[in-house]
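Its first residue numbered 1, the sequence shown is counted upward by one per residue in our numbering. Don't be surprised by glycine CBs; every beta carbon is placed ideally from N, CA and C. From a predicted model like this one, the values you see are computed outputs, not experimental measurements.
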Amino acid sequence: MHKCSPFCSSFKEKRLTHGVLVGSLLAAFTISIVFKSYFCTQLSALHIQSQSSMDAAENQFMMFKDAGLLQELVEESTSAKSIFNACDCEPISNYCEINGDVAVQGNSSTISMVSLRTGIPAGEISWTVKPYVRKENAAAMDLVKSWAVTSMEFLHCDLIQTVPAILFSLGGFSGNHFHDFSDLVIPLYITSRQFNGEVQFVVTDNRHWWISKFRGILAKLSRYNIVDIDQERKTHCYPSMIVGLKYHHELGIDQSMSQLSMKDFRQFLRRTYSLKRAKAIEIGDDARKMPRLLIITRRKSRSFTNIDKITRVESSLGYNVVTMEPNISTSLGSVAETVNSCDVLMGIHGAGLTNMVFLPDNAIVIQIVPLGSIDELAKQDFEQPAMDMELRYLEYKIKAKESSLISKYKADHLIIKDPLSVHKQGWDAVRSVYLDKQNVKLDVKRFRPTLLKALQLLHQ
Numbered sequence: 001m002h003k004c005s006p007f008c009s010s011f012k013e014k015r016l017t018h019g020v021l022v023g024s025l026l027a028a029f030t031i032s033i034v035f036k037s038y039f040c041t042q043l044s045a046l047h048i049q050s051q052s053s054m055d056a057a058e059n060q061f062m063m064f065k066d067a068g069l070l071q072e073l074v075e076e077s078t079s080a081k082s083i084f085n086a087c088d089c090e091p092i093s094n095y096c097e098i099n100g101d102v103a104v105q106g107n108s109s110t111i112s113m114v115s116l117r118t119g120i121p122a123g124e125i126s127w128t129v130k131p132y133v134r135k136e137n138a139a140a141m142d143l144v145k146s147w148a149v150t151s152m153e154f155l156h157c158d159l160i161q162t163v164p165a166i167l168f169s170l171g172g173f174s175g176n177h178f179h180d181f182s183d184l185v186i187p188l189y190i191t192s193r194q195f196n197g198e199v200q201f202v203v204t205d206n207r208h209w210w211i212s213k214f215r216g217i218l219a220k221l222s223r224y225n226i227v228d229i230d231q232e233r234k235t236h237c238y239p240s241m242i243v244g245l246k247y248h249h250e251l252g253i254d255q256s257m258s259q260l261s262m263k264d265f266r267q268f269l270r271r272t273y274s275l276k277r278a279k280a281i282e283i284g285d286d287a288r289k290m291p292r293l294l295i296i297t298r299r300k301s302r303s304f305t306n307i308d309k310i311t312r313v314e315s316s317l318g319y320n321v322v323t324m325e326p327n328i329s330t331s332l333g334s335v336a337e338t339v340n341s342c343d344v345l346m347g348i349h350g351a352g353l354t355n356m357v358f359l360p361d362n363a364i365v366i367q368i369v370p371l372g373s374i375d376e377l378a379k380q381d382f383e384q385p386a387m388d389m390e391l392r393y394l395e396y397k398i399k400a401k402e403s404s405l406i407s408k409y410k411a412d413h414l415i416i417k418d419p420l421s422v423h424k425q426g427w428d429a430v431r432s433v434y435l436d437k438q439n440v441k442l443d444v445k446r447f448r449p450t451l452l453k454a455l456q457l458l459h460q
């Protein structure tokens, strides 16, 4: 069960205090359904701003004390519940499905629905939502436009569409390759796949370069033109709308929460970019087979300072070594083809490792973890996702002598000997020291067993 806001939690406590568990498990289950669909979802996931709305919900909650009024409340909530179907207390994302006629006005950033369908008087429904994942991350949400959701007696429509819409923001952390996939592409795939292309994407906080970068993927998920709603003067009307995107976890899909999996997503990418390889090389007893190893390089930070020496050692072990530094001018299709042609992908912890989504099955990911006690981050961002993608995962943690920080600080400095002391200063301090200002001079002798382990896996 998803974790709700403190307001939802207070409801649960009062449910026990007032003896709502009346008579049977069935009654308790019914109450839970009504609460989640009608109160918890609107108040927690969609951030209702009005205290008066909270007071009204509190008053209506007191009706549960009288078991005889339970059926009446359920009946009164039926239409509203159908309108706000699946407005979940999502722990990460702002997400809601609105069933029934919906009007979207870009110039006022307003989503309106017909009040008669909700069974609630016009104007009584009013809240704001930012249609992006990471709703608890203030830095991300500061870059996302707020949308007002209201009820009206009737809708004025300039353009009437016949297919549902998904409204989502390209603000937040878009532009970072990892977040492009983790926050947007994969959630959009989860959310839209059910429509089999019969859905229109309505984008707020548009980034034209983002649309261009992922045009191939977007075209496979929707057969309709993308609406840059912030620039629209006309009101668009839809038979239903999803506001926000479904999010499961970093760079992944939780199969228990969806009929989809990361295997499905990776197959979708292969079809989208016409990638040839479904499986990595199997060396077996044929020593002539040379596995292809791709090194993801970086320039500004977390770069390899001895890349030539690394490639020589890898080549001596029997790898066909290639390097790639993806940048904004590199087409995603070209990146996908290069990565898919390889059997091993290695790189220092960073957004470049996200390209493992294009690797063939059973390929190997080697994550180089820099100094800084970021083990949990490394696991969450790339180790667990790699295994969910049916890839093999290896990890190499550098020593202090392999970090460029050793040339700036003495060995007994807290930054070197006690990175957790920096963690206590907050994420900005960790990012500044260990991610933005650190490069790696790989100890190739120490790294050699990791390369041999990768070869061993490819032989199996």
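In terms of Cα proximity to K309, the closest of D183, D158, F447, T150 is F447. Per DSSP, the beta-bridge partners of Q105 are T110, T235. Distance from the CA atom of L451 to the CA atom of I406, rounded to whole angstroms, is 25 Å. For A165, the enclosing beta strand (DSSP E) stretches over residues 165 to 169. Per DSSP, Y396 is one residue of the beta strand (DSSP E) stretching across 392 to 397. Two segments are said to touch when three or more pairs of C-beta atoms, one from each, lie closer than 8 Å; by this definition the region 244 to 262 touches the region 382 to 394.
Within the same chain, and ignoring the five residues on either side of V444 in sequence, the residues whose Cβ sits closer than 7 Å to its Cβ are K309, I310, V313. Rounded to whole angstroms, the separation of the alpha carbons of V144 and W127 is 16 Å. Assigned with DSSP and collapsed to three states, T305 falls in coil, not helix or strand.
Annotated as proximal: V129 and G244, with beta-carbon spacing under 9 Å. Only buried fits N355, as 16 or more other CB atoms lie within 10 angstroms of its CB. Contact between F173 and L188 is absent: CB atoms are separated by about 15 Å, not below the 8 Å threshold. N340 sits in a helix when the DSSP states are folded into three classes.
By DSSP's assignment, I348 forms a beta bridge with I368. M113 and D101 have their C-alpha atoms some 6 Å from each other. When DSSP states are grouped into helix, strand and coil, K279 belongs to the strand group.
For F201, the secondary structure class from DSSP, reduced to helix, strand or coil, is strand. Distance from V322 to R277 at the Cβ level is roughly 15 Å; contact not present, criterion being Cβ atoms closer than 8 Å. Note that the C-beta distance between L394 and A454 is below 9 Å. The DSSP-derived three-state label of G333 is helix. Residue pairing by DSSP places E97 opposite I242 in a beta bridge. Secondary-structure assignment with DSSP links S126 through a beta bridge to T150. When C-alpha distances from F181 are compared across F214, H349, C237, V227, the shortest belongs to F214. Looking at the backbone, the Cα of I368 and that of Y273 are separated by about 28 Å.
Rounded to whole angstroms, the gap between the alpha carbons of Y434 and H177 is 19 Å. With respect to V199, I229 sits apart: the two C-beta atoms are not nearer than 9 Å. Of D343, F358, R134, V185, the smallest CA-CA separation from L457 is found for D343. Excluding five sequence positions before and after Q380, the CB atoms of its chain that fall closer than 6 Å to its own CB belong to E250, given in chain order. At least 9 Å separates the beta-carbon of L294 from that of M257. Here N107 is exposed: its Cβ has fewer than 16 other Cβ atoms, across all protein chains shown, within 10 Å. Between I366 and M346, the C-beta gap is smaller than 9 Å, which places the two residues in contact. Burial check for K246: the Cβ neighbour count within 10 Å reaches 16 or more, so the residue is buried.
The beta carbon of D158 sits closer than 6 Å to the beta carbons of K234, T235 from its chain, once the five residues preceding and following it are set aside; these are given in chain order. For the pair I217 and L184, the Cα-to-Cα distance works out to about 11 Å. In this structure, I166 is the residue among R302, L420, E376, I166 with its C-alpha nearest to the C-alpha of Y95.
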